[in-house]
Every structure is written in C-alpha cells, then in structure tokens.
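**Student:** This is the structure I want to talk about, given as structure tokens.
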Amino acid sequence: MYHGQTTGKGPSHCMQIYQQPPRLLIVHITLPSWADICSNLCEALQNFFSLACSLVGPSRMSLFSLYMVQNQHECILPFVQVKGNFARLQACISELRLLQREGCFRPQGISLQLAVEDGLQQLKQYSRHVTTGAALTYTSLEITVLTSQPGKEVVKQLEEGLKDTDLVRVRRLQVVEITKGVLGCMDSASPVEEPSSDENSVLGTDIDLQTVDNDVVSMEMFFKAWLHNSGTDQEHVHLLLPSRCLSNISRARDNPMCLKCDLQERLLSPSLLPGTAGGSLRMDDPKGDFSTLYQMASQSSASRYKLRVIKALKSSGVCESLTYGLPFILRPTSCWQLDWDELETNQQHFHALCHSLLKREWLLLAKGEPPSRGHSLREAASTFYVILPSCSATLLVRAVATRELLLPSPFPLLPEDLPADSLRTVESVLDDLELEPTYNPLQVWSHLYPHLSSTFAKPQGQLHPSWESRGLRKHPCKAGQLQINRVRARVAPLPMTPAPGRAPKMPAASKASSGVFFPPSTEEEEEMEEEECPSGP
10 MYHGQTTGKG PSHCMQIYQQ PPRLLIVHIT LPSWADICSN LCEALQNFFS
60 LACSLVGPSR MSLFSLYMVQ NQHECILPFV QVKGNFARLQ ACISELRLLQ
110 REGCFRPQGI SLQLAVEDGL QQLKQYSRHV TTGAALTYTS LEITVLTSQP
160 GKEVVKQLEE GLKDTDLVRV RRLQVVEITK GVLGCMDSAS PVEEPSSDEN
210 SVLGTDIDLQ TVDNDVVSME MFFKAWLHNS GTDQEHVHLL LPSRCLSNIS
260 RARDNPMCLK CDLQERLLSP SLLPGTAGGS LRMDDPKGDF STLYQMASQS
310 SASRYKLRVI KALKSSGVCE SLTYGLPFIL RPTSCWQLDW DELETNQQHF
360 HALCHSLLKR EWLLLAKGEP PSRGHSLREA ASTFYVILPS CSATLLVRAV
410 ATRELLLPSP FPLLPEDLPA DSLRTVESVL DDLELEPTYN PLQVWSHLYP
460 HLSSTFAKPQ GQLHPSWESR GLRKHPCKAG QLQINRVRAR VAPLPMTPAP
510 GRAPKMPAAS KASSGVFFPP STEEEEEMEE EECPSGP
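Note that this note's numbering numbers the sequence shown so that position 394 is 403, with each residue one more than the last.
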C-alpha cells in the first residue's frame, strides 16, 4: 500500500491507495511471428507508459522489468520505478523495435524458465538495496509471459521447468497468448478476457492462461488493467440494504443486508493528467473531481466505507443533469480473508440484486457513510449516490446532487407550433449526420498519447536518457568517438545447464557485478562524469 499525504489547501487527511506489486513482462515471441506483433506491442507499451507515468498523485505501479526470449533470454530493462522513468521505458521500447524480425533459430527449451528465475533473482537483489519500508512493497512479483506460441504448451513448459523453483515470491504467473485475430471494428470496449474456472482458461494451480488479440487497442487495454486496484486483502465498500425491501432474499428484518463489494474505476479522471481538459485540477485539490467515495474506500480502516440504501427510484426518474463526478463500478468482493461459503453467498445475493433491479426498472438512492475517524464536534456533510444495475453483473455508482448544490435553472417547455421552414431546415441538417446505434469510445481519438509523450521530451532534441547516454558523453572526452552502449541488467547470470562431467564456471566479472544490478541515478552519473571528464587541464 502507498502511504500518501494530501497537499490540498483544504484540511489534509492521510490517504492510502493500493499499489500494484512489481511486474515482470517476458516477451516470448519467436520468428517470424515477431514481425507481425512487434509494432503493435511497442505502440501499446508506448501508449500505456505515457499514461502511467503522467498520472498525478500516488504511483499506481511500483517496479517494472522486461525480458525478451527468442533464441535465449535477455534482460531488455532491469527493474525500475515506473513513475519518473518514462525516458528509460521509452528507450526500452525503442530497443524492442530494433530486435531481429526475420530469419530463423532454434530456441533453447530452458530460456523461458531462466528468464523467470533471473527476474526473481533480480528482484531479490533490488530489495536488498532499498530502505526497509520500501522493501516491504517488493515482497511479491507478478509475472506475465506474452507469447505467440500455443498458450497451453507454454503453460506445460513452465510447469515442468519451474517445478523445482522456489516461487514463494510470485504472487501471480500469467501466460497471455497473442492470437492472430484483429478486434473487429473495435466494437468491444474490453478486449481482455477475464480468467475463469474453465480448464481452457486456467491450467494447473498456479499459472493463469488467457488470450489477447494482435492489435494495439487490445494490448493497450490489457496493460491498462495494471492500473486497477486489484488488491484482495479487504473488501472496499459495504452496500447496506433494508432487509424488509428484500424479503425474498433475506428473512432478517431487523438488521440490514450487507453486500461486500470491491470498487473499480470506469475511466481515468482528466484531472489526473497534465494538459487535458480540467488538467489544472489535481487529485489532492478539494476542487478536483476525484470522487470522495473512491478516496474513502481506498483507505485502510477497521470499518469500511458504507453505502446505505434509503429508497428505490424509477430508472426514468433521475435527470442526467443531477449526477456529477466520475462513475465507479461495484463488483462482488474477491477478498481472500472471507471463507468460500461467504464469498459464494455474497456473490449470489449481489447477482440477485442486479437481476431484480433490472426486472423492476429501478435505481437505488444511497447515502455515503465514511468510516468513523474519532469524535468530532462538527457534523460531516453527506454525499448521496444513485446506483444503476447492469446486465454485466455490476452496479454503476454515480454521485447525485443535493439541495445545497442545486442552482436555479429555468426549463421552459417547447412550443407546440414551430415554423415549418425552421423544422425542414434543421431536419435536413440532421439527416446528413451519420447515425450510430451506440457510442464507442474506442473509435474516438483525442491525441492524448502523443501529447503526454511530448511532455517528457528532453530539451534541445536530446533523445537519449541520461543513463543510456552516459557512454555517449564520456567517450568524446577520452577518445573523441561516439559509441552506443546497450544497457543490460547487471545481475549475476544464471548458470547454463553444464554438459555431463563438466562443472559450471562463473566468470570473475559476473561474480564481481552480482551486487550491482540497476543503473545509477542521475546524480551519481553527474558525479562520475565530473571525475572522468574534468572541465580543465
């Protein structure tokens, strides 16, 4: 969990937002498939990291590392902090674009296994070189293998190769097969397949298998899932319903029914991104539109944020102009601390609620009840929400205006008799418009990605980040030549399987470098350059 103190002008309060564990991405794509996948994957990664690195507020991603497995495993990017390191990530993506796309080779059977073990060793060494508090957030690792091979075969290969490997630090091991299909007309708003209990989706006990289409949008949406709050240590919200209103579900009449839910963002707030509409508003600014519900539900507390349902509403009885802020999604919780029977009962009641509301064409009006923060002489202002059902077994939550917020607005009725000329003119204009049955956001581009990438651009056309161009700067001082050095993780390499009767050997240089594995900081680079390249005789 990330502990971040707000800095707004209003009363500050301590807020905790779940931070994803370190992530290791292993690109396991052989030739000639790499030629078809490379550009889509690189563009999706570029788009995703331009977004992830630009979000203000607490970092949603901690560490990221990338390996490439073709004829052998190779660390393209050692573990780095995502936020503040867009230049490194961009250089890594540029290097992916330069990898061989044509030809043939015979991949080694243990290369994928070695990439997993090497990534685990690298994270272990990284944890030794950070403060104790930071090291606590790096105790587990999520590994994603992006492959062009049949997913089931890769899963079996990993299960066999890693059966003797200590995976206690692996929180999740996931194999994602890139299929040759293209997202047809981009009609799906969620191309990522959810893992299910079907044997075709989850093989074994520890390795998940899913697929993603070979197109930029599908891959981009897959990576965006890393920004979600996927913590399962506790449920986020308690939805309280008067049991007398749901007597067919619960016989208890005195105590309200409590549905334990997880909260999920539907979209990112523009106020979290620089240079966008409303981008001057920050998440920690009281004027921002970052919902109080999400802030409070993200806090760690002995008591949960509660949404107490006070009445039902007809679905046609809420004016859209009265809702404000970002919508959020409620799902049945997947908290691991609940026993299996409670999880199953909670999910069944949640689905029954969605079904009943859809059948009756009802919405719910609920009052937000933040967790108790001790005794206070001032009564806290309440926030009210409308809860909308969905056929996707989720509930949509939106803040709704109260009397104090409402401004007078005259709404005169339309006149019954309109001039015929005006009607014909307007109707002819409307007839020329292209009519779509639904709004598909995947078909609308705002050029946000190139804008965000440009905000990280170095002045005076400097394209190389400092850690990569260090060699470019110091070589002219010594020999007057420019050389581009490819950066690699300085982790002691794993020993290859020795031939029978021969003992493996570890090069002396590898032993010496086993304790140093991540690129130096900018300050360290400048100090080293001053020592190597003196300004005067």
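Cβ coordinates follow ideal geometry from the N, Cα and C atoms, glycine included.
In chain order, which beta strand (DSSP E) runs of at least 3 residues are fully inside the stretch 73-131?
**Tutor:** Listed in chain order, the complete beta strand (DSSP E) runs (minimum 3 residues) inside the stretch 73-131 are 82-90.
**Student:** Taking Ser418 as the reference, give the member of Ser330, Leu107, Ile187 with the closest Cα.
**Tutor:** Counted from its first residue, the sequence shown places residue 418 at position 409. Nearest of Ser330, Leu107, Ile187 to Ser418, Cα basis: Ser330.
**Student:** Classify Gly118: buried if its beta carbon has 16 or more other beta carbons within 10 angstroms, exposed otherwise.
**Tutor:** On the sequence shown, position 109 is the one that residue 118 refers to. Gly118 should be labelled exposed.
**Student:** State whether the stretch 405-418 contacts the stretch 326-341, with contact taken as three or more CB pairs (one from each stretch) at a distance under 8 angstroms.
**Tutor:** Contact holds: three or more Cβ-Cβ distances are below 8 angstroms.
**Student:** Counting Cβ pairs closer than 8 angstroms, one from the stretch 43-50 and one from the stretch 59-75, do we hit at least three?
**Tutor:** These segments do not touch.
**Student:** Where do the N-terminal and C-terminal ends of the beta strand (DSSP E) with Cys267 fall, by residue?
**Tutor:** Along the sequence shown, read from residue 1 onward, the residue named residue 267 stands at position 258. Unbroken beta strand (DSSP E) run through Cys267: 266-274.
**Student:** Measuring straight from C-alpha to C-alpha, what distance separates Gln29 and Ala361?
**Tutor:** What you label residue 29 is simply residue 20 of the sequence shown in a count that begins at 1. What you label residue 361 is simply residue 352 of the sequence shown in a count that begins at 1. Approximately 32 angstroms, taken between the alpha carbons.
**Student:** Would DSSP call Asp440 helix, strand or coil?
**Tutor:** Within the sequence shown, residue 440 is the residue found at index 431, counting from 1. If DSSP states are grouped into helix, strand and coil, Asp440 belongs with the helices.
**Student:** Do Leu451 and Val246 have their beta-carbon atoms positioned less than 7 angstroms apart in this structure?
**Tutor:** Position 237 of the sequence shown holds residue 246. Position 442 of the sequence shown holds residue 451. No. Outside cutoff.
**Student:** Less than 8 angstroms between the CB atoms is what I'm expecting for Thr188 and His37, so what's the real figure, rounded?
**Tutor:** As a working mapping, residue 188 is identified with position 179 in the sequence shown. As a working mapping, residue 37 is identified with position 28 in the sequence shown. 15 angstroms between Cβ atoms; not a contact.
**Student:** Could you check the C-alpha separation between His82 and Leu123 for me, to the nearest Å?
**Tutor:** Here the question's residue 82 lines up with position 73 in the sequence shown. Here the question's residue 123 lines up with position 114 in the sequence shown. Rounded to the nearest angstrom, the two C-alpha atoms are 7 angstroms apart.
**Student:** Can you tell which of Arg340, Gln183, Leu277 has the C-alpha that lies nearest to the C-alpha of Cys363?
**Tutor:** One-based indexing of the sequence shown puts residue 363 at position 354. Of the candidates Arg340, Gln183, Leu277, the one whose C-alpha sits nearest the C-alpha of Cys363 is Arg340.
**Student:** What residue range does the alpha helix (DSSP H) around His360 cover?
**Tutor:** To locate residue 360, count along the sequence shown from 1; it is residue 351. Its alpha helix (DSSP H) spans residues 349-369.
**Student:** Do Ala375 and Val318 have their C-beta atoms within less than 7 angstroms of each other?
**Tutor:** Against the sequence shown, residue 375 aligns to sequence position 366. Against the sequence shown, residue 318 aligns to sequence position 309. In contact: Ala375 and Val318 (Cβ atoms closer than 7 angstroms).
**Student:** Quick check: the Cα distance between Phe88 and Gln134, rounded to an integer number of angstroms?
**Tutor:** Indexing the sequence shown from 1 puts residue 88 at position 79. Indexing the sequence shown from 1 puts residue 134 at position 125. Distance between the alpha carbons of Phe88 and Gln134: 10 angstroms.
**Student:** Assign Phe359 to buried or exposed, taking buried as 16 or more other Cβ atoms, counted over all protein chains shown, within 10 Å of its Cβ.
**Tutor:** For the purposes of this step, residue 359 is taken as residue 350 along the sequence shown, with counting starting at 1. Under this definition Phe359 is a buried residue.
**Student:** Between Phe420 and Phe232, is the Cβ-Cβ spacing less than 7 angstroms?
**Tutor:** For this step, residue 420 is matched to residue 411 along the sequence shown. For this step, residue 232 is matched to residue 223 along the sequence shown. No, the Cβ-Cβ distance between Phe420 and Phe232 is not below 7 angstroms.
**Student:** Would you say Ser59 and Ser462 are within 7 angstroms of each other, going by their C-beta atoms?
**Tutor:** Taking the first residue of the sequence shown as position 1, residue 59 is located at position 50. Taking the first residue of the sequence shown as position 1, residue 462 is located at position 453. Yes, these two residues count as a Cβ contact at 7 angstroms.
**Student:** Quick one: what's got a C-beta closer than 6 angstroms to Met77's C-beta in the same chain, skipping five residues either side?
**Tutor:** As a working mapping, residue 77 is identified with position 68 in the sequence shown. Taken in chain order, the residues that qualify are Val36, Glu83, Ile85.
**Student:** Going by DSSP, name the residue or residues bridged to Ala321.
**Tutor:** Along the sequence shown, one-based indexing puts residue 321 at 312. Bridge partners of Ala321: Leu373.
**Student:** Looking at the secondary structure, which residues open and close the beta strand (DSSP E) in which Phe465 lies?
**Tutor:** To locate residue 465, count along the sequence shown from 1; it is residue 456. Counting along the chain, Phe465 falls outside any beta strand (DSSP E), and DSSP gives it neither H nor E.
**Student:** When burial is assigned at 16 or more other CB atoms within 10 Å of the CB, is Gly93 buried or exposed?
**Tutor:** Taking the sequence shown and counting its residues from 1, one reaches residue 93 at position 84. By the neighbour-count rule (16 or more Cβ atoms within 10 Å), Gly93 is not buried but exposed.
**Student:** If you follow the beta strand (DSSP E) that Thr151 is part of, which residue opens it and which one closes it?
**Tutor:** Walking along the sequence shown from the start, residue 151 turns up at place 142. Checking the sequence, you will find Glu at residue 151 rather than Thr. Residues 150-156.
**Student:** Quick check on this structure: which residue in Ser252, Arg369, Leu250, His237 has the alpha carbon closest to the alpha carbon of Gln273?
**Tutor:** Counted from its first residue, the sequence shown places residue 273 at position 264. Per the Cα distances, His237.
**Student:** May I ask you to list the residues that DSSP assigns as paired with His247?
**Tutor:** The residue given as residue 247 occupies position 238 in the sequence shown. BP columns for His247 point to Lys269, Lys315.
**Student:** Determine the closest residue to Gln98 out of Arg137, Gln55, Glu388, with distance taken between C-alpha atoms.
**Tutor:** Numbered from 1 along the sequence shown, position 89 holds the residue referred to as residue 98. Residue identity check: residue 98 is Leu in the sequence provided, not Gln. The shortest C-alpha separation from Leu98 is found at Gln55.
**Student:** Contact check, Pro380 vs Arg275 under 8 angstroms by CB: the rounded distance?
**Tutor:** Against the sequence shown, residue 380 aligns to sequence position 371. Against the sequence shown, residue 275 aligns to sequence position 266. Not quite, the Cβ-Cβ distance comes to about 23 angstroms (not below 8 angstroms), so this is no contact.
**Student:** On the criterion of 16 or more Cβ atoms from any shown chain inside 10 Å, does Leu218 qualify as buried, or is it exposed?
**Tutor:** The sequence position of residue 218 within the sequence shown is 209, counting from 1. Result: buried.
**Student:** Which value, in whole angstroms, describes the spacing of the CA atoms of Ile396 and Val177?
**Tutor:** The sequence position of residue 396 within the sequence shown is 387, counting from 1. The sequence position of residue 177 within the sequence shown is 168, counting from 1. If I take the Cα positions, the gap works out to 40 angstroms.
**Student:** Sort out for me which residues DSSP pairs Phe337 with in a bridge.
**Tutor:** In the sequence shown, residue 337 corresponds to position 328, counting from 1. Phe337 is bridged to Glu274, Val406.
**Student:** Using C-beta distances below 6 angstroms, list every residue in its chain close to Val164, excluding the 5 sequence neighbours before and after it, in chain order.
**Tutor:** By one-based count along the sequence shown, residue 164 stands at place 155. If we look at Val164 and ignore the five residues flanking it on each side, its Cβ neighbours are Val184, Leu212, Ile216, Leu218.
**Student:** Given that a residue counts as buried once 16 or more other Cβ atoms are within 10 Å of its Cβ, and exposed if not, what is Thr148?
**Tutor:** Looking up residue 148 in the sequence shown gives position 139. With fewer than 16 Cβ atoms within 10 Å of its Cβ, Thr148 is classed as exposed.
**Student:** For the candidate residues Glu151, Trp43, His138, Gly128, whose alpha-carbon lies nearest to that of Leu108?
**Tutor:** For the purposes of this step, residue 108 is taken as residue 99 along the sequence shown, with counting starting at 1. Of Glu151, Trp43, His138, Gly128, the residue nearest in Cα terms is Trp43.
**Student:** Start and end of the alpha helix (DSSP H) containing Leu54?
**Tutor:** Start at 1 with the first residue of the sequence shown, and residue 54 comes out as number 45. It spans 42-61 - the alpha helix (DSSP H) in which Leu54 sits, taken as one unbroken run.
**Student:** Helix, strand or coil for His456, going by three-state DSSP, please let me know.
**Tutor:** Taking the sequence shown and counting its residues from 1, one reaches residue 456 at position 447. Three-state result, His456: coil.
**Student:** Let me know the secondary structure DSSP gives Met24 once reduced to three states.
**Tutor:** The residue given as residue 24 occupies position 15 in the sequence shown. In this prediction, Met24 scores a pLDDT of 40, lower than 50, which makes its location untrustworthy; the coordinate-derived value is nonetheless stated afterwards. If DSSP states are grouped into helix, strand and coil, Met24 belongs with the strands.
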